[in-house]
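Participant:
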Amino acid sequence: MNKRFTDLILAAIKQRISDLHITGGFPLIFRSDGVIHFDKNVKWSHTDIDTMVKEMLSERQLLTLRKRWSVDYAISFNHVRVRINAFYTTRGLSLAIRLLPETIPDVTSLNLHPSLNQIRDLKSGLVLVCGSTGSGKSTTVAAIIEEINRTRPVHVITIEDPIEYRFKPKKAFIEQREVGIHVPSFNQGLLDVLRENPDVIFVGELREPDTIRLTLNAAESGHLVFGTLHATDAEDAIYRINNCVSGENQEVIRYQFASTLSWLIVQQLTFVEKAGFRVPMLSITRGSSSVRSSIRENKLTQLETTMLTSRNEGMFTMDLYKKEFINNLTSFNHPYKSFGMGADSSKETDYISSLIDPNAVQDVVYTASVDDAYKIPSVSLKDGDGLPYVILEDHDDMELKDIIAQYDQSDDGKPNHNGEKYK
C-alpha cells in the first residue's frame with residue numbers, strides 16, 4: 002500500500018472526514034459533515050495517481066479500468082474499510098474515496114430507530130433500504146445483517162459491487178461475492194444464489210430491470226432478501242420498482258412487489274444541531290394490507306396518508322420520524338466512534354482458486370429480458386466453432402422444431418443471428 006495514501010486515510014479518520022477526492026494537479030478535496038472543503042497544501046500529480054492506482058488494483062481490476070475507464074474497489078487496513086471509485090476525467094484519473102469502519106456498527110450506535118432490530122426475526126420477504134448516494138444505505142443494511150449474524154443460525158449470501166463490509170461469521174454462515182471478482186454480474190449472482198441454499202440474500206444495488214425481477218423472484222420463493230435502491234422517498238422507490246418494465250409485465254411486477262414487501266426504509270443524513278453532526282433521518286413503510294393494496298393498484302398518491310394513519314403499525318413519514326424519534330433523543334452516538342473500536346471483521350485473507358481464471362471474460366448472453374420474462378428463458382453460448390447453443394429448461398411440452406423455428410425468426414419474420422443455425 003502506498004504510504005502517502007495510508008497516512009492520508011489515517012489523518013482523515015482523526016479529523017472525522019467521510020469522503021476524499023483526489024485528482025491530478027488539484028488540491029485535495031474532502032467532505033466533513035456533508036460539506037465540501039479544499040486543502041491547498043496537499044496535491045497529487047497525474048503520474049502519482051496512476052502509480053498509486055496501479056499498485057492497488059488486481060490484474061482483473063486494471064483490465065476493467067482500461068476497458069471501461071472506471072472501476073469500483075474496496076481495500077482494508079488499520080481497522081478501516083475504504084471504498085474507492087477510480088474514473089477517467091479531463092485531469093486523468095480521479096479517485097472518489099468513502100471511509101467505512103471495518104467494525105460493523107449496530108442499530109443503536111448508528112442512531113437508528115430500535116424497531117429496525119425487528120427485521121432480524123423475519124424469515125422471508127423483501128427489505129428495501131433507499132436513499133441517495135452517500136446516505137448510509139449499505140451501513141444500515143450491514144448493521145441489520147450483523148444483528149442476524151449475532152442471533153440466528155442461517156446461511157447468508159451477499160452480492161455486492163464492491164464488498165463494503167467484511168462479515169465475520171458468528172451464529173450465521175456468511176459468504177460474500179463481489180461483482181467482477183467472484184461473479185460476473187448481479188444477474189448471474191441472483192441466478193446462482195437460489196441453487197446455493199441461502200436463507201438470507203443481500204443484493205448490493207437494484208439498478209437494472211433484470212436485477213429487480215430476479216430479486217423479486219428470490220423474495221417470492223421464500224427467502225429474506227435485502228436490497229438497496231436510489232430513491233428520494235417511499236413513493237419514488239415504489240414507482241421505480243413498478244415501472245422497471247413496460248407493458249403487461251408491469252402488473253406482474255406490481256403484484257410480486259406487493260406480495261413480498263416487508264419493510265421499505267428511505268434514509269437521508271441530516272445535520273442535527275443538538276448532536277453537532279449528521280444523523281440518519283428515516284421514513285419507514287411496512288408491508289401492511291393497505292400498503293400492498295396501494296402498490297398493486299398503483300395508487301401511490303395514497304401512500305403518505307396510509308403511513309400517517311398507520312403509526313401504530315410502526316410506520317413513519319420523515320417529518321414524523323424527526324418529531325417523534327430524533328427530537329426526543331437525549332444523546333447521540335458519533336458515527337466515528339466505530340473507527341476507534343477494535344476490529345471485529347473477518348480476518349480471512351482472500352484466496353484465489355487455481356481452478357478460476359481471474360481475468361476471464363465470460364462469453365455469456367442472457368437472451369431473456371424482463372419484458373420477455375414469460376417467454377422461453379435461454380442462455381446463448383458459443384461453441385468451439387463459434388456457433389450458438391441454446392440451453393432450454395422446463396419446456397418438454399414443446400416440439401424441438403417449434404423451438405428452433407421461434408429462435409430462427411425475429412418478430413419481423415427475418416432470420417436471427419445473421420442466418421446462423423442452432424446446434
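Residue numbers for the sequence shown follow the numbering used here, beginning at 2 and rising by one.
Positions of the beta carbon are idealized from the N, C-alpha and C atoms, including for glycine.
(1) For the segment 45-65 and the segment 126-143, state whether three or more C-beta atom pairs, one from each stretch, are separated by less than 8 Å.
(2) Smallest Cα separation from glutamate 161: which of Val81, Arg178 and Ser295?
(3) Tell whether a beta-carbon distance below 8 Å holds between isoleucine 296 and leucine 262.
(4) Is alanine 97 near the ligand GDP, going by C-beta to nearest heavy atom under 7 Å?
(5) Roughly how far, in whole angstroms, is the beta-carbon of glycine 181 from the beta-carbon of threonine 65, given that I think they are within contact range, below 8 Å?
(6) Only counting runs of 3 or more residues, tell me where the beta strand (DSSP E) segments fall wholly within the segment 205-253, in order along the chain.
(7) Which one of Val43, Ile37, Ala87 and Phe27 has the shortest CA to CA distance from glutamate 56?
(8) Mark glycine 132 as exposed unless 16 or more other C-beta atoms lie within 10 angstroms of its C-beta, in which case mark it buried.
(9) Residues in the same chain with beta-carbon distance under 6 Å from glutamate 314, minus the five sequence neighbours each way, listed in chain order, please.
(10) According to the neighbour-count rule (16 or more other Cβ atoms, all chains shown, within 10 Å of its Cβ), is lysine 376 buried or exposed?
(11) Just the C-alpha distance for tyrosine 322 and valine 128, rounded to the nearest angstrom, thanks.
(12) Output the distance between the C-alpha atoms of isoleucine 120 and serine 19, rounded to the nearest integer angstrom.
(13) When you compare the CB positions of methionine 319 and serine 354, do they come within less than 8 Å of one another, or not?
(14) Using the Cα positions of glutamate 349 and proline 115, report the straight-line distance between them to the nearest angstrom.
(15) Could you give the residue range of the beta strand (DSSP E) that holds glycine 126?
(16) Just the Cα atoms here: how many angstroms apart are serine 222 and arginine 255?
(17) Just mark valine 365 as buried or exposed, buried being the case when its beta carbon has 16 or more other beta carbons within 10 Å.
(18) Identify which residue in Arg208, Val157 and His231 has its Cα closest to the Cα of glutamate 197.
(19) Fully enclosed by the segment 84-172, which alpha helix (DSSP H) runs are 4 residues long or longer?
Facilitator: In short:
(1) no
(2) Arg178
(3) yes
(4) Among the ligands in the structure shown, none appear at all, so the ligand GDP cannot be discussed.
(5) 6 Å
(6) 225-230
(7) Ala87
(8) buried
(9) Arg287 and Ser289
(10) With a pLDDT of only 42 at lysine 376, under 50, the local geometry of the prediction cannot be trusted, and the value read off the model is given with reservation. Lysine 376 is exposed by the Cβ-count criterion.
(11) 19 Å
(12) 27 Å
(13) no
(14) 31 Å
(15) 126-131
(16) 16 Å
(17) Unreliable placement is indicated for valine 365, whose pLDDT of 42 sits below 50; no coordinate value is reported for it.
(18) Val157
(19) 138-152
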